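For reference, the structure discussed in these notes is given below.
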Amino acid sequence: MAIRRGRGVAAINYPTGMNLGGDPTQALVHSTPTGNFMVTLSSVDLGQGMKQIMAQICAETIGVPTDRVVVDTADTDTGPHCMGTFASRGTHRAGNAVIQAAREARQVMLEVAAEELEVNASDLETDGQGNILVKGAPQRSISVFDVALSAHFKRGRSISGRGMFLIPRSYPEKETGAMKPSTCYAHACTVAEVEVDDETGEVTVLTVKNIFEIGRALNPKMVEQQLVGGSWMGISHALYETTEPYYPNRDHGGTDFNQYLMPGPGDLAETEIIVLERPSADGPYGAKGPGEMCANPQIPAVANAVFDAVGVRIDTLPITPERILRALKAQAPN
Amino acid sequence: MELRKNYFADVRKDDLHEIGQPRARSDSPGHVTGKTAFFADRNFPGMLHLKMVRSPHHHARIRSIDTSEAEKHPGVVKILTARDVPHNVYTILILIQIGPEDETVLADGKVRWKGEAVVAVLAETERAAQEAAAKVKIDYEVLPAVFDMEEALKPGAPLVNEYHGQNYYLYDSGECRKVRFGDVEAGFAGADYVLEQSYQSSPIEHAPTETTGCVVAPEGNDRFTCYTNTQAMFFTLDNASIILQMPGNKLHFVGGTVGGGFGGKVDVIVEPIAILGAKLTGRPVSFIYSREEEMQISSPRAAEKVVIKDGVMKDGRIVARKVTGYTDAGAYSRHSPYGAQKGAGHYPGPYTIPNVWIDTYCVYTNRTPSSAMRGFGVTIGDFALEVQMDKLARLIGMDPLEFRFINAYRDGDMKAHRQPTEGAALIECMQEASRAANWPVAEKYMTMSSYAKGA
Chain A
1 MAIRRGRGVA
11 AINYPTGMNL
21 GGDPTQALVH
31 STPTGNFMVT
41 LSSVDLGQGM
51 KQIMAQICAE
61 TIGVPTDRVV
71 VDTADTDTGP
81 HCMGTFASRG
91 THRAGNAVIQ
101 AAREARQVML
111 EVAAEELEVN
121 ASDLETDGQG
131 NILVKGAPQR
141 SISVFDVALS
151 AHFKRGRSIS
161 GRGMFLIPRS
171 YPEKETGAMK
181 PSTCYAHACT
191 VAEVEVDDET
201 GEVTVLTVKN
211 IFEIGRALNP
221 KMVEQQLVGG
231 SWMGISHALY
241 ETTEPYYPNR
251 DHGGTDFNQY
261 LMPGPGDLAE
271 TEIIVLERPS
281 ADGPYGAKGP
291 GEMCANPQIP
301 AVANAVFDAV
311 GVRIDTLPIT
321 PERILRALKA
331 QAPN
Chain B
1001 MELRKNYFAD
1011 VRKDDLHEIG
1021 QPRARSDSPG
1031 HVTGKTAFFA
1041 DRNFPGMLHL
1051 KMVRSPHHHA
1061 RIRSIDTSEA
1071 EKHPGVVKIL
1081 TARDVPHNVY
1091 TILILIQIGP
1101 EDETVLADGK
1111 VRWKGEAVVA
1121 VLAETERAAQ
1131 EAAAKVKIDY
1141 EVLPAVFDME
1151 EALKPGAPLV
1161 NEYHGQNYYL
1171 YDSGECRKVR
1181 FGDVEAGFAG
1191 ADYVLEQSYQ
1201 SSPIEHAPTE
1211 TTGCVVAPEG
1221 NDRFTCYTNT
1231 QAMFFTLDNA
1241 SIILQMPGNK
1251 LHFVGGTVGG
1261 GFGGKVDVIV
1271 EPIAILGAKL
1281 TGRPVSFIYS
1291 REEEMQISSP
1301 RAAEKVVIKD
1311 GVMKDGRIVA
1321 RKVTGYTDAG
1331 AYSRHSPYGA
1341 QKGAGHYPGP
1351 YTIPNVWIDT
1361 YCVYTNRTPS
1371 SAMRGFGVTI
1381 GDFALEVQMD
1391 KLARLIGMDP
1401 LEFRFINAYR
1411 DGDMKAHRQP
1421 TEGAALIECM
1431 QEASRAANWP
1441 VAEKYMTMSS
1451 YAKGA
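Respectively, the protein sequence lines represent chains A and B.
Here the working numbering is used: the first residue of the first sequence is 1, the next is one more, and so on.
Here the working numbering is used: the first residue of the second sequence is 1001, the next is one more, and so on.
Written as structure tokens, this is what we have:
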């Protein structure tokens, strides 16, 4: 009887957005009289930070700092339609809609600035700090603040824009299954190291090294929180979770966090996250949806590491001590 | 976390101001100081609380429902049964033309899973609603139930859901979604080894911090405002509109920050009945799942079974892959026909295989209806695929990481569902994993690229 060590690898990809498309999202953007920008959506922030990302996307596109953007969302009386926050689609779909709306608003903003500066709008650029400058002659400039005041009270222009993003729905061909499930895919490769106690069947996940390719890390700190959380969830799925441990007997289904087994802080592995960025052709600034895929590769990586450690395959999730012990017993020479 | 900017630097411009910056989240101070408002922070004078009477049986006919004792319970204001719901038989994906309508808001004549909602009790307090719910008398005739997908698919199995007529979802392609690419049998015949293995999973709870729920307030203008933690505002509004036969303009949905979704809040379960309660009583209604309901009543991730048969050559090439996936929808569709179909688009995984055969089934059993969860249609499939990859590598005596390089998809490779690969990055992820995990592979794999061969 001994503590045995093993490691396993898994590599995966994951589609961004609703399978087969057909999942639209809209956005509206407008400026306030003093040159702040409102993004209006009906998308839902699930705690992952969607509002913050939409603000950064709008700010980048208009050419102002992020703190000049306010996101108003999840109200069906004010926000235009969004299919919803699921299928790793929030950033990709809503982000594209915000870019389109923000571009339209930016164009009006530049036209008003051009009238104020008596130049062509195509000769203007933003400095990202809240100013609009003449290309090649940055001493000729006007603030976004002044442009918005002019648009509202002098020139009668609405600095606003509409955005809509839709990937047309694909219908699978009945016999061959020819279809277009998604337009872009995130990728991952995970290596897990475990220790397995071959006397108790207990698994300790020592380290998890995750490589994620996500198109573009729009906000590195925020994507990190999602990727780390996902990695933990993967360990949890691999080793712990089931609502029906003895199905069809339902008597032992967990009804609270004391009974429903999940890893505690002491059960979580040393977690390493490395991010690669291959911008997607149709993502907002190249972003793909990392929300779901980041919880997937740890499950098979841990399963493969358990085999590497003790030489038994557990092909039924979760990989419980009971299942490991039964497999070890079945494998042992009589 | 580290960003490895050396990969794909030739196809990426790093010239942005706001994007790529680790800006602090504007909502985090509210979260950590308790100031962020969640739907359940709404409290209205005269608000009623809704509790469900649920089926204790996996499958049963309802002979009679007697609510007379419950109605007399102090604090009870209204009791709802199936006949109170205008359009009681519904299915949420009808909005994207995936029918048939197969589920009841409140059970009508039959229950098909243990925990199914039968009677809704509205009372002045949660406690009164709970106590009154215990006084509702339902006479059941217990029916044979089926719990296993393979049993459910056998001739003569108990029929779970009459709206389908058989224990599987009928796609336009038949009993399963199919992908056919190349000649899989010829592939197996020509392979050095053939390995067939079966993988299974159990239902998994989303475990959000905030349980599913909503608070509905009737407004003075004949509208209803529904404060909800749904993941999809208009999807829920439009389904509520159908179920209640109420024009959408009478409904105003307000969301906000949700305390975790993970796919568990896209089922449209609490809102329609709460709005109906508000309409019939003229009072605000709160319907919030207890933690027990969240864990045992709300849809879990489906139990799945995945059978993979592979033909592999001694040099590491996978020449044929056949995948049969079974998704246990439980008693009702919810999002499961979509999830099973998503699996068909995902297999055979991120590998280029010349001969592929995929069948994915959505199967009905007398289990708690399953539905969307993070990685829907893919997570369990990836577990199966990647354990299978490990087994194949060991079968031919090859390093598991090198084996994946040999088969990894690259730009331009044709996928089984007949889309050319674009934007691949699996190889680079594995190269970085080799470095980060100190798992050396042969140099030829470290110089590979996802870009099209010869490009």
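For each residue, glycine too, the CB sits at the ideal point set by N, CA and C.
For clarity, every value in this text was computed on a predicted model and none was experimentally measured.
Residue range 1356 to 1364 is occupied by the beta strand (DSSP E) that includes residue 1359(B), with no alpha helix (DSSP H) assigned at that position. For residue 1200(B), the nearest CB of chain A lies under 8 Å from its own CB, placing it at the interface with that chain. The closest CA to that of residue 1202(B), considering only 238(A), 210(A), 197(A), 208(A), is found on 238(A). Residue 1200(B) is bridged by DSSP to 316(A), 1305(B). Using a CB distance cut-off of 8 Å, residue 1173(B) counts as an interface residue toward chain A.
For residue 269(A), the secondary structure class from DSSP, reduced to helix, strand or coil, is coil. Runs of the beta strand (DSSP E) lying entirely within the stretch 1239 to 1271 of chain B, each at least 3 residues long, are 1251 to 1254 in chain order. Taken through DSSP and simplified to helix, strand or coil, residue 15(A) comes out as strand. Excluding residues up to 5 positions away in sequence, 14, 88 lie with their Cβ nearer than 7 Å to the Cβ of residue 292(A) in the same chain. Each residue's CA atom was taken as its position, placing residue 1418(B) and residue 179(A) some 7 Å apart.
Approximately 4 Å separates the beta-carbon atoms of residue 216(A) and residue 286(A); this is inside 8 Å, confirming the contact. With respect to residue 1372(B), residue 1329(B) sits apart: the two C-beta atoms are not nearer than 8 Å.
Contact check between the stretch 61 to 78 of chain A and the stretch 124 to 131 of chain A: three or more CB pairs, one atom from each, fall below 8 Å, which counts as touching. Linking residue 1393(B) to residue 1386(B) through their CA atoms gives a straight-line distance of about 11 Å. Using beta-carbon distances, residue 1334(B) does not count as an interface residue toward chain A, since no partner is under 8 Å. Counting along the chain, residue 1338(B) sits inside the alpha helix (DSSP H) bounded by residues 1336 to 1346.
Around the beta carbon of residue 1032(B), a 10 Å sphere encloses fewer than 16 other beta carbons of the protein chains shown; the residue is thus reported as exposed. Collapsing the DSSP output to three states places residue 1088(B) in coil. Using a C-beta cut-off of 8 Å, the stretch 293 to 303 of chain A makes no contact with the stretch 103 to 118 of chain A, since fewer than three inter-stretch Cβ pairs fall below that distance. Against chain B, a Cβ distance below 7 Å from residue 250(A) picks out 1114.
Close partners of residue 5(A) in chain B (Cβ separation under 8 Å) are lacking, with about 14 Å as the shortest Cβ gap. Taking 8 Å as the upper bound on Cβ-Cβ separation, chain A lies near residues 1338, 1341, 1342, 1344, 1345, 1346, 1349, 1350, 1358 of the stretch 1337 to 1359 of chain B. For residue 59(A), the closest alpha carbon among the candidates 41(A), 17(A), 83(A), 106(A) is that of 106(A). Straight-line spacing of the CA atoms in residue 108(A) and residue 1281(B) works out to 50 Å. With fewer than 16 other Cβ atoms from the protein chains shown falling within 10 Å of its own Cβ, residue 1037(B) counts as exposed. Using a Cβ-Cβ distance cut-off of 8 Å, the stretch 175 to 195 of chain A and the stretch 240 to 251 of chain A are not in contact, since fewer than three pairs of beta carbons, one from each stretch, lie closer than that value.
When the beta-carbon positions are compared, residue 289(A) and residue 17(A) come within less than 8 Å of each other. A check of alpha carbon separations from residue 224(A) across 170(A), 294(A), 183(A) identifies 294(A) as the nearest.
Taking the CA atoms as reference points, residue 1214(B) sits about 21 Å from residue 1095(B). Rounded to the nearest whole angstrom, the CA to CA distance from residue 156(A) to residue 150(A) is 8 Å. Residue pairing by DSSP places residue 135(A) in no beta bridge whatsoever. CA-CA distance, residue 1268(B) to residue 1240(B), rounds to 8 Å. Buried is the label assigned to residue 53(A), since at least 16 other Cβ atoms lie within 10 Å of its Cβ. Residue 1353(B) and residue 1318(B) have their C-alpha atoms roughly 6 Å apart. Cβ atoms of residue 144(A) and residue 6(A) stay farther apart than 8 Å, at about 58 Å. The straight-line gap separating the alpha-carbon atoms of residue 1128(B) and residue 1245(B) is approximately 30 Å.
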